[in-house]
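Only one structure is covered here, and it is reproduced in the block below.
Protein chains in written order, with our numbering: chain V, 1 to 577; chain L, 578 to 768.
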């Protein structure tokens with residue numbers, strides 16, 4: 001028997017891509033997809049990169065596919081929106097070397113701003129979707145996805161959810177197949193999507209989808225597990241594992257390919273069972289199609305479109321089971337928070353002190369929206385802070401935004417924020433933009449980007465200089481660099497620049513407290529004789545500082561990383577290293 | 578055998594991922610099928626985190642359902658209370674007797690519950706340890722999670738030598754010795 005290894009879903013996808021002979025991989029980090037690239041980099045046969053955003057990543061993969069090799073692009077669900085432009089058109093172009101896009105959905109929104117269902121995007125783009133149920137299938141199915149891509153001349157979306165991506169299971173390891181490298185051929189009618197060519201490609205897309213729907217009955221990844229015929233279930237992905245647990249004797253049609261659906265296979269299965277259920281997380285994508293064929297079935301009448309499912313939920317919904325479960329204790333919530341020593345805390349504290357409002361963005365600093373800082377008042381998507389601030393100014397006038405700033409991280413600025421800044425400059429905006437430069441992509445676990453000077457494959461490269469980009473490149477004269485913990489200078493700059501009737505950029509620097517290269521300084525402690533218990537040090541909401549029942553305040557020495565923000569706030573010199 | 582359900586809960590950054598990796602390793606060594614489910618991303622920034630470990634002849638789903646956990650390993654008191662309803666009636670809680678205030682408590686918007694352990698003891702078998710104090714005795718505060726794991730290990734069906742071997746294979750090379758000591762300390766601890 002071959003070797004078995006415990007692997008995260010994302011690790012298994014990386015392994016499968018390697019076994020499939022992938023040669024090029026591009027991605028932008030995003031939970032729950034990040035670990036795919038972090039594992040692909042371990043296979044030296046694959047060129048891999050962090051691209052500045054998902055659109056670029058998909059285009060890199062498209063180029064590699066056109067050139068004749070197998071290519072992978074991976075991203076979180078909202079990243080698929082960023083990549084939607086190339087996606088909808090590459091559906092017409094198809095694939096020379098196998099082309100697979102991993103779309104990682106996040107039901108339950110563990111780390112996302114929405115709960116969209118990527119299967120709906122795939123249907124709109126007429127791209128097939130393959131979905132695994134565990135790590136073993138993640139590895140097997142991604143290989144199948146590359147075969148399918150080449151056989152049907154189509155890009156393939158490989159859809160996972162957080163529960164697949166971040167669960168571990170045993171995976172049987174196999175060897176890498178000989179990578180394909182098809183000689184490049186000029187194919188203008190297929191590769192140049194101008195109207196005259198695209199109009200001829202569209203019918204081929206329709207025919208491809210019809211053919212795949214017919215062939216779907218024979219795809220090994222679509223299978224029927226015939227059992228007792230009283231209950232039949234059509235399901236896929238992680239809900240399949242809950243169905244097997246909740247209804248061990250039911251008959252199950254497990255779909256590995258969820259778009260297009262194998263129509264005849266489903267019609268035949270429906271005839272064989274007394275009562276048919278569709279169990280799918282998020283939107284009724286399978287259910288609405290099956291119902292449109294006149295098949296009687298039950299789905300969202302008894303299941304929610306919100307969040308994750310579970311075995312208990314299926315037992316209750318289908319069997320009407322009454323489960324003897326204790327009521328959860330009524331306890332205070334524990335939301336995520338900025339880490340001790342986080343430079344964003346220092347920046348946000350100064351902003352709060354000055355009564356400035358923040359148009360926010362996607363990253364750790366989104367947490368500036370919650371108490372006690374509570375300065376971030378809007379967050380939409382990657383890069384939106386700068387453009388929403390601009391829209392506010394155009395709606396309400398220059399004076400209105402003089403107590404506002406946009407806050408965006410360095411990685412998010414490189415992702416799409418830079419476009420919005422160009423727009424502000426071009427359209428003569430008034431507004432202050434803070435680039436919170438912590439030298440990494442923080443929230444997703446420290447990935448490099450174009451302004452850090454290192455690539456995914458570990459090469460040292462010239463970093464794009466954010467100051468030069470904004471000042472010399474775009475031409476924003478009022479561009480300044482300031483240390484995030486130098487609150488005096490930062491506050492002076494904020495007061496002055498927010499009043500300026502022009503675009504200003506403050507690059508607020510200090511490395512992420514969790515970066516390995518950022519060694520913690522000695523911890524601070526509170527001298528209880530000097531401490532007046534005024535609570536000033538607690539205002540920025542550092543988790544390392546706590547107040548006991550008796551009112552005494554102390555610093556947890558194992559959590560403190562010595563940033564000194566609290567010491568600077570103490571009027572009684574009671575906080576020392 | 579029936580599938581065993583273990584949960585590890587705590588505060589993001591406390592090392593639940595490393596602990597679950599060791600648990601995964603020991604179940605494989607014993608020849609079981611195993612599935613684990615983890616939390617990455619935003620919650621790892623000081624939020625409430627939960628890891629599920631399920632092992633047996635054949636495991637379908639990777640999550641532990643409410644009312645089904647055999648062992649709940651909690652790295653913090655409030656988190657033990659938050660997830661206690663996942664336990665079976667005869668389930669065991671192994672808890673690090675430490676308090677970390679969540680932000681609503683820090684800013685005075687909520688109260689940290691009192692007598693958590695006493696209340697849990699009324700319903701479940703509870704083993705408690707001040708693992709942070711024990712870890713400081715070893716000279717490395719970060720090993721507290723392995724001390725708690727050592728204590729929980731006594732309530733699971735694997736040999737001590739196997740645990741030590743898996744720890745050796747799982748933790749960073751520089752910390753092998755101290756983590757083995759931490760495990761032994763927890764294993765020998767009489768709560």
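For each residue, glycine too, the CB sits at the ideal point set by N, CA and C. This structure is a prediction, so every number in the text was calculated from the model and none was measured.
Quick check on residue 259 of chain V: does DSSP put it in helix, strand or coil?
Stepping through the first chain from its first residue, residue 259 of chain V is reached at position 259. Reduced to three states, the DSSP call for residue 259 of chain V is strand.
With a floor of 3 residues, list each beta strand (DSSP E) that falls wholly inside the stretch 54-121 of chain V, ordered by position along the chain.
71-76, 99-105
CA-CA distance, residue 734 of chain L and residue 604 of chain L?
For the purposes of this step, residue 734 of chain L is taken as residue 157 along the second chain, with counting starting at 1. For the purposes of this step, residue 604 of chain L is taken as residue 27 along the second chain, with counting starting at 1. Cα-Cα distance, rounded: 10 Å.
9 Å Cβ cutoff met for residue 54 of chain V and residue 35 of chain V
Translated into the one-based positions of the first chain, residue 54 of chain V becomes position 54. Translated into the one-based positions of the first chain, residue 35 of chain V becomes position 35. Contact flag unset, no.
Touch check for the stretch 519-537 of chain V and the stretch 349-366 of chain V: three-plus C-beta pairs under 8 Å?
no
At the 9 Å Cβ level, is residue 613 of chain L part of the contact set with chain V, yes or no?
Stepping through the second chain from its first residue, residue 613 of chain L is reached at position 36. At least one chain V Cβ lies under 9 Å of residue 613 of chain L.
Find the nearest neighbour of residue 516 of chain V within the set V/469, V/224, V/446, V/204, judged by alpha-carbon distance.
Looking up residue 516 of chain V in the first chain gives position 516. Nearest of V/469, V/224, V/446, V/204 to residue 516 of chain V, Cα basis: V/446.
Measuring CB to CB, does residue 407 of chain V end up less than 9 Å from residue 376 of chain V?
Residue 407 of chain V sits at position 407 when you count from the first residue of the first chain. Residue 376 of chain V sits at position 376 when you count from the first residue of the first chain. Yes.
Taking 9 Å as the threshold (beta carbon to beta carbon), is residue 408 of chain V in contact with chain L?
Position 408 of the first chain, counting from 1, holds the residue named residue 408 of chain V. False, the Cβ-Cβ gap to chain L never drops below 9 Å.
Members of the stretch 28-42 of chain V near chain L, C-beta cut-off 8 Å:
31, 32, 34, 35
Does residue 169 of chain V get closer than 9 Å to chain L when you measure Cβ to Cβ?
The residue you call residue 169 of chain V lines up with position 169 of the first chain. Output row for residue 169 of chain V: interface = yes.
Give a yes or no on whether 9 Å exceeds the smallest Cβ distance from residue 716 of chain L to chain V.
Here residue 716 of chain L refers to the residue found at position 139 when the second chain is read from its first residue. Proximity of residue 716 of chain L to chain V, defined by a Cβ-Cβ separation below 9 Å, is not satisfied.
The stretch 101-119 of chain V contacting the stretch 611-623 of chain L, beta-carbon criterion three pairs below 8 Å
yes
List, in order along the chain, the chain L residues whose C-beta lies closer than 8 Å to that of residue 339 of chain V?
On the first chain, residue 339 of chain V is found 339 positions in, with the first residue counted as 1. Near residue 339 of chain V (Cβ distances below 8 Å), the residues of chain L are 590, 622, 623.
Contact list for residue 599 of chain L against chain V, beta-carbon separation under 7 Å:
What you label residue 599 of chain L is simply residue 22 of the second chain in a count that begins at 1. None at all; the shortest Cβ gap to chain V is about 11 Å.
Per-residue DSSP class, three states only, for residue 420 of chain V
Position 420 of the first chain, counting from 1, holds the residue named residue 420 of chain V. Correct three-state label for residue 420 of chain V: helix.
Taking just the CA atoms, how far does residue 291 of chain V sit from residue 135 of chain V?
Position 135 of the first chain, counted from the first residue, corresponds to residue 135 of chain V. Position 291 of the first chain, counted from the first residue, corresponds to residue 291 of chain V. One C-alpha to the other measures close to 31 Å.
Measure the alpha-carbon distance for residue 524 of chain V versus residue 544 of chain V and round it to whole angstroms.
Residue numbering aside, residue 524 of chain V sits at position 524 when the first chain is read from its first letter. Residue numbering aside, residue 544 of chain V sits at position 544 when the first chain is read from its first letter. If I take the Cα positions, the gap works out to 10 Å.
Chain L contact for residue 578 of chain V (CB, 9 Å cutoff)
With chain V represented from 1 up to 577, any question about residue 578 of chain V goes unanswered, as that position is not in the structure.
Give me the chain V residues within the contact set of residue 632 of chain L, using Cβ-Cβ distance strictly less than 7 Å, ordered along the chain.
Here residue 632 of chain L refers to the residue found at position 55 when the second chain is read from its first residue. None at all; the shortest Cβ gap to chain V is about 10 Å.
What does residue 426 of chain V reach in chain L if we use C-beta pairs closer than 9 Å?
As a working mapping, residue 426 of chain V is identified with position 426 in the first chain. The premise fails here: residue 426 of chain V is roughly 34 Å from chain L at the closest Cβ pair, so nothing lies under 9 Å.
Within a Cβ cutoff of 8 Å, which residues of the same chain sit near residue 355 of chain V, ignoring the five residues on either side of it in sequence?
Taking the first chain and counting its residues from 1, the one referred to as residue 355 of chain V is at position 355. Answer for residue 355 of chain V: 403, listed in chain order.
Per the DSSP calculation, residue 277 of chain V is bridged to which residue(s)?
Along the first chain, one-based indexing puts residue 277 of chain V at 277. In DSSP, residue 277 of chain V forms a bridge with V/233, V/298.
Please work out which residues of its chain come closer than 7 Å, Cβ to Cβ, to residue 451 of chain V, disregarding the five sequence neighbours upstream and downstream, and give them in chain order.
In the first chain, the residue the question calls residue 451 of chain V occupies position 451. 410, 414, 463, 464, 466, listed in sequence order.
If the cut is a Cβ gap below 9 Å, which residues of chain V does residue 661 of chain L touch?
Translated into positions along the second chain, residue 661 of chain L becomes position 84. Under the 9 Å cutoff, chain V gives 326, 328, 329.
Taking residue 361 of chain V as the query, report the chain L residues whose CB atoms sit under 9 Å from its CB, ordered along the chain.
What you label residue 361 of chain V is simply residue 361 of the first chain in a count that begins at 1. Taking a Cβ-Cβ cut-off of 9 Å, residue 361 of chain V has no neighbours in chain L, whose nearest Cβ is about 14 Å from it.
Fully enclosed by the stretch 354-431 of chain V, which beta strand (DSSP E) runs are 3 residues long or longer?
Fully contained in the stretch 354-431 of chain V are the following beta strand (DSSP E) runs of length 3 or more, in chain order: 357-359, 376-378, 404-409.
Which class does residue 729 of chain L belong to by DSSP, given the choice of helix, strand or coil?
As a position in the second chain, residue 729 of chain L is number 152, starting the count at 1. The answer is helix: DSSP assigns residue 729 of chain L an H, G or I state.
Determine, for residue 111 of chain V, whether the minimum Cβ-Cβ distance to residues of chain L falls below 9 Å.
Along the first chain, one-based indexing puts residue 111 of chain V at 111. Chain L, which has a Cβ nearer than 9 Å to the Cβ of residue 111 of chain V, makes this yes.
Three-state secondary structure assigned by DSSP to residue 176 of chain V
Position 176 of the first chain, counted from the first residue, corresponds to residue 176 of chain V. Three-state DSSP puts residue 176 of chain V in coil, outside helix and strand.
Separation of residue 689 of chain L from residue 228 of chain V, as counted between CA atoms
Position 228 of the first chain, counting from 1, holds the residue named residue 228 of chain V. Position 112 of the second chain, counting from 1, holds the residue named residue 689 of chain L. Spanning the alpha carbons of residue 228 of chain V and residue 689 of chain L requires a straight line of approximately 51 Å.
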